[in-house]
Every structure is written in C-alpha cells, then in structure tokens.
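For what it's worth, the working numbering labels the leading residue of the sequence shown as 4, then goes sequentially.
The C-beta atom is built at its ideal place from N, Cα and C for all residues, glycine as well.
Computed from a prediction, not measured in an experiment: that's the story for all the values here.
Let me begin by presenting the structure, written as structure tokens, before commenting on it.
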Amino acid sequence: MNDLLDPLLLARWQFGLTTVYHFLFVPITIGLASTAAIFQTAWVRTGKVEYLRITRFFGTIFLINFAMGVVTGIVQEFQFGMNWSEYSRFVGDVFGAPLALEGLLAFFLEATFIGLWIFGWNRLPQKVHLATIWATAIGTILSAYFIIAANAFMQNPVGYEMNAERGRAELVDIWALLANPVALAAFPHTIAASFMVSSGLVISAAAWHLARNQHVDTMRPALKFGLWAMVVSGGLTTFFGDQLSLAMVATQPMKMAAAEATYDTVCGADASFSLFTLGTPDGSSELFSIRVPYLLSLLSTHSFDGCVEGINDLQAQYAELYGPGDYAPIIWVTYWAFRWMIGLGVLHVLVAVVGLWLTRKGRMPTQRWIWRIAVWSFPLSLAAMIVGWIFTEMGRQPWIVFSLLPTESAVSPNVTGLEVLISLVVFTLVYGALAVVEVKLILRAIRKGPPEVAPPDPVTGEVEHAATVY
Numbered sequence: 004m005n006d007l008l009d010p011l012l013l014a015r016w017q018f019g020l021t022t023v024y025h026f027l028f029v030p031i032t033i034g035l036a037s038t039a040a041i042f043q044t045a046w047v048r049t050g051k052v053e054y055l056r057i058t059r060f061f062g063t064i065f066l067i068n069f070a071m072g073v074v075t076g077i078v079q080e081f082q083f084g085m086n087w088s089e090y091s092r093f094v095g096d097v098f099g100a101p102l103a104l105e106g107l108l109a110f111f112l113e114a115t116f117i118g119l120w121i122f123g124w125n126r127l128p129q130k131v132h133l134a135t136i137w138a139t140a141i142g143t144i145l146s147a148y149f150i151i152a153a154n155a156f157m158q159n160p161v162g163y164e165m166n167a168e169r170g171r172a173e174l175v176d177i178w179a180l181l182a183n184p185v186a187l188a189a190f191p192h193t194i195a196a197s198f199m200v201s202s203g204l205v206i207s208a209a210a211w212h213l214a215r216n217q218h219v220d221t222m223r224p225a226l227k228f229g230l231w232a233m234v235v236s237g238g239l240t241t242f243f244g245d246q247l248s249l250a251m252v253a254t255q256p257m258k259m260a261a262a263e264a265t266y267d268t269v270c271g272a273d274a275s276f277s278l279f280t281l282g283t284p285d286g287s288s289e290l291f292s293i294r295v296p297y298l299l300s301l302l303s304t305h306s307f308d309g310c311v312e313g314i315n316d317l318q319a320q321y322a323e324l325y326g327p328g329d330y331a332p333i334i335w336v337t338y339w340a341f342r343w344m345i346g347l348g349v350l351h352v353l354v355a356v357v358g359l360w361l362t363r364k365g366r367m368p369t370q371r372w373i374w375r376i377a378v379w380s381f382p383l384s385l386a387a388m389i390v391g392w393i394f395t396e397m398g399r400q401p402w403i404v405f406s407l408l409p410t411e412s413a414v415s416p417n418v419t420g421l422e423v424l425i426s427l428v429v430f431t432l433v434y435g436a437l438a439v440v441e442v443k444l445i446l447r448a449i450r451k452g453p454p455e456v457a458p459p460d461p462v463t464g465e466v467e468h469a470a471t472v473y
C-alpha cells in the first residue's frame, strides 16, 4: 500500500498523464495555424472561394484546439508548485526566463492576433487581416521554441552557475540558454513533426468528405495539400531527427545506448541497429532480430567506424562522477518508444505516398477501404510524437535536470501520496470530460464541412459574409 501511495511515483504519473494530454493539442495547433495562413494567402492571391472555405474549415478546428490547449496547459504550471516544489526552487531562476518569454512575448502575440483574426473578417483590410493569422502562426512557433529551450536545460544544462549557499542553479547567460545545442536541434524536429500531425488531420478530414463524394471542389485541393505536406514534413522530421540524435549522443550518451539496449561499447559493424527484435521486454536478452550493420554507428557519429558507448561503461563513468546509484533509464521504455516513434511516423508518410499515387492526374479511388485507411490514419503521427516525447523524458532518467538534480530529489517534501492521488483522480476525470467535449466539437466541425460563402462582388472583389464569428 505504501508503494501505491509513494508521492514520487504518483507525481511522476500525474505529470506524465497531464502533459501527454496537453501535448495532444499542441502539434495540431502549431500545424493548423500555418495551414489556415497558407490557404488564406492562396485565397487573397487567387480570389478562389474554395481556398476561403478551406481556411474557415480548418480555422474552426484550429480554434477549438487552441482553446483546449490553453485550458490544459494551465495545469502544467500548477503541478510545478504542487508536486515539484524542490525542482521549482532549484531551477526556477533558470527555468522561469524562457517561460516568461513564452508568456509575455509568444502567447501575447498569439492571443492578440488570434482575436483580431476571429473578429476582423470584413472589418480589417484583406491583407491586414491576412497578416493577423500569420502573426498567430508565428506566435505558436515562437511559443514552442521557448518551451523547448526550457526543456533543453533539463537535458543539457547551460548558461547557469551553482549557488552553493542557496543550493540552486542561477541564470548567468540567457543567450547560452536560448542557444542550447539541444534546443536548436530539437526545435526544427518538433515543428516538422507538428506539421506531420496537422497534415494527417487535413488528410483524414478531406478523405471523410471525398469518400462521400461531397465538397469535392474544396476537399480535393485540401487532400492534395495534406498529402504533399505529410511527405515534405516527414522528410524534414527525419533530417532534423538525425541532427537531434547527434546532439543527444554528445550530451546524453546513456539515452542513445538505452534506445538500442546497447550494454557494451560497440564500434563499426558491431554497432548495428535492430529494425525488428524479439526478446525479453527489457531488451537485455535477444532471441531474434533483423539488424543493419554500421547503422547505429552512422546514426550516432555519422561515420561507419564510430563507437557507441554502452550502458555498462556509462554506468561506471556516472557512478564515478556522481556517486553510487543506477544511472540507466528503464530500458524497455526507451528501447520500444524509440522504435514506435520511427515506425509510426514512417507508416504515416507511406500512407501519404500511396495517396499521392492513387490521386495522381485527377484520379479518385472508388474503393471505400482506401478512404477508410486515409481517415483512420490520423493518429499515426500524433502517436509517434507522443512516444517520442516519452522517449525524450524517460531517457533522461534518473535525472530531472541531467547531472544536476535527480528526479527523486525534486518532489515536494511536504506533499503526501494521498494528496497527489486525489489530484490525479480529479485531473483524470476532468480531462476525460474535456476529451469528450473536444472530440465531439471537432467531429461536428468536420462533419459539418466547409461553410458556404457568397461569390465575390464583381466590382470590389470582396466576399460578403466571408466569415461570421466562429
């Protein structure tokens, strides 16, 4: 019973569950803001009403996700004070800087211009109104960067010095913090993956209508955009993921070793990467695997004869540096999360490639099972991002701030397991209710389809009632 009410265990579960739930809305919001901006730009440049209808259609879904993301994101801040006060005390002087920039600059930009975009239809000049959605999209991307910069400090602490008297890290170089190599590598990888998620939503929503042969003039260009965006963003995600792996090896070699369950240091051909493995859940014993020689060396060092340090060797190094303890993360979590991240993302890109082939030169598939695959493929990229985040955070364990603060030392000293359990249950119930509301609102918006708009005025070119308040 005591283990079940362990404050550390429950606090970690609560943070993981609430953060994963909040993260469901983040990539969709980032991607759809830019998607709406792109289609509104196409409408302004060409005057084609179809582009306006697509803008309003996906703009509505974007607004639903934005609102839900704001609500669920607030809980994250409460958790730091409630369950992780020692973490807040230790790293607050550093962590607070990028969070303040996110709130005062990026979120302010988003909130201001999203209001102008919603209420500015037929009130602002056309190009000024277009600028508001682009400002909103830029704000969402800036917001992501500041959050990633804060998280990067937990992965690779820079720009700080230790105050021995106060027992905490204090910020001394804001530019080093914002230019953290891990942040610079993780940011484009995350943004590209977010566009994969939003592209998946565009594909699924358009396919749902095209399968029913409705809104064809509007949904066909939306589908083509989503398919191409998926392929391009998938390629960029892979490229930037490779750059992130180099930063990870340089700063957290244990994470890469855990990703492949490499217990002993390997070099060259021995540094192979398993595409498929059957064995024990913890990865310590292998029964069967399909391996590519040199691939792990290539991923980790960009050379065929490079060496990848093993878990056992790194454990010995860390024990000497930081004292006795187990410095390896939960191997089966990192091992399988890394593979699910890659596999789910690649599968979604393959769906898009097949979709481009089937819809080439104006073709439209007639088999309903093809459309069903397109509709139900949406969760692939989203699930890939979630397990990727789990890999990133779980692979850092047992540190909450790598090399500086163990996770077990960061939990609030006076919080009880029962208190955390009660809040965990309450958050789960509230989030469950919000999930039902979110899904219903999005499905209703998708099923309703793009709104009808009047043709442009032949004299002024303006579209009457282009958009009422969402």
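Item	Value
For T240, the nearest candidate out of G365, Y24, H351, W46 (CA to CA)	H351
Three-state secondary structure (DSSP) of I407	According to the sequence provided, residue 407 is Leu. The question's Ile does not apply to it. Here L407 sits in coil by DSSP.
Inter-stretch contact (C-beta, 8 angstroms, three-pair minimum) for the region 54-72 and the region 415-428	no
Nonlocal neighbours in the same chain, by C-beta distance under 6 angstroms from V263, ignoring five residues either side	Correcting the residue identity first, residue 263 is Glu in this sequence and not Val. Closer than 6 angstroms at the Cβ level, and outside the excluded window around E263, lie L299.
Touch test, the region 32-45 against the region 131-150, Cβ-Cβ under 8 angstroms, three pairs minimum	yes
CA-to-CA distance, V378 to L35, given in whole angstroms	17 angstroms
Length at least 4, wholly inside the region 351-385: the alpha helix (DSSP H) runs in chain order	371-379
Opening and closing residue of the beta strand (DSSP E) in which N125 lies	Careful: N125 lies outside any beta strand (DSSP E) and carries neither H nor E.
Per-residue DSSP class, three states only, for V418	coil
Three-state secondary structure assigned by DSSP to R171	strand
Local Cβ density within 10 Å of H218, reported as buried at 16 or more and exposed below that	buried
Assigned exposure category for K258 - 16 Cβ within 10 Å defines buried	buried
Best match in Q246, M71, L119 for proximity to A188 [C-alpha to C-alpha]	Q246
For F93 and R215, believed in contact at Cβ under 8 angstroms, the rounded distance	With 8 angstroms as the limit, R215 and F93 do not qualify as a contact, their Cβ atoms being about 56 angstroms apart.
Where T471 sits in the DSSP three-state scheme	A caution first: T471 carries a pLDDT of 44, below 50, which makes its placement in the model unreliable, though a value can still be read off. T471 falls in the coil class under three-state DSSP.
DSSP-derived helix/strand/coil call for L161	Just to set this straight, residue 161 is Val in the shown sequence, not Leu. Coil at V161, not helix or strand.
Exposure of A469, with buried meaning 16 or more beta-carbon neighbours within 10 Å	Caution applies to A469, whose pLDDT of 48 falls short of 50 and renders its modelled position unreliable; the value that the coordinates give is listed next. Buried.
Boundaries of the alpha helix (DSSP H) in which Y266 is found, first to last residue	Careful: Y266 lies outside any alpha helix (DSSP H) and carries neither H nor E.
Distance between L421 and D9 (C-alpha atoms, nearest Å)	9 angstroms
Cβ separation of V97 and L174, assumed to be a contact under 8 angstroms, to the nearest whole Å	5 angstroms
8 angstroms Cβ shell around G430 - same chain, five flanking residues per side excluded	The question names Gly, but residue 430 is Phe in the sequence shown. Within the same chain, F430 has close Cβ partners Q17, L20, T21, V78.
Contacting residues, own chain, Cβ-Cβ under 8 angstroms from G95 (five flanking each side not counted)	R171
Per-residue DSSP class, three states only, for V219	helix
Contacts around P416, its chain only, beta-carbon distance under 8 angstroms, and the 5 residues preceding and following it disregarded	S88, E89
Burial state of H305 (16 or more Cβ within 10 Å)	exposed
Under the three-state DSSP convention, the category V311 falls into	strand
Residues near V462 in its chain [Cβ-Cβ closer than 7 angstroms; skip 5 each side]	Residue placement at V462 cannot be trusted, given a pLDDT of 45 that sits under 50; the coordinates are not used to answer.
Unbroken alpha helix (DSSP H) run spanning G326, endpoints	That residue, G326, is in no alpha helix (DSSP H); it is neither H nor E in DSSP.
Local Cβ density within 10 Å of A319, reported as buried at 16 or more and exposed below that	exposed
heavy atom of the ligand NAD below 7 angstroms from A210 C-beta	Looking at this structure, you won't find the ligand NAD or any other ligand, since it has none at all.
Helix, strand or coil at W137 [DSSP, three-state]	helix
Inter-stretch contact at 8 angstroms, needing at least 3 Cβ pairs: the region 187-204 / the region 346-366	yes
Unbroken stretches of the alpha helix (DSSP H), 4 residues or longer, contained in the region 22-59	29-49
Helix, strand or coil at W402 according to DSSP, with G and I counted as helix	strand
First through last residue of the alpha helix (DSSP H) which encompasses A188	184-213
Validate contact between the region 101-113 and the region 139-159 using beta carbons, cut 8 angstroms, 3 pairs	yes
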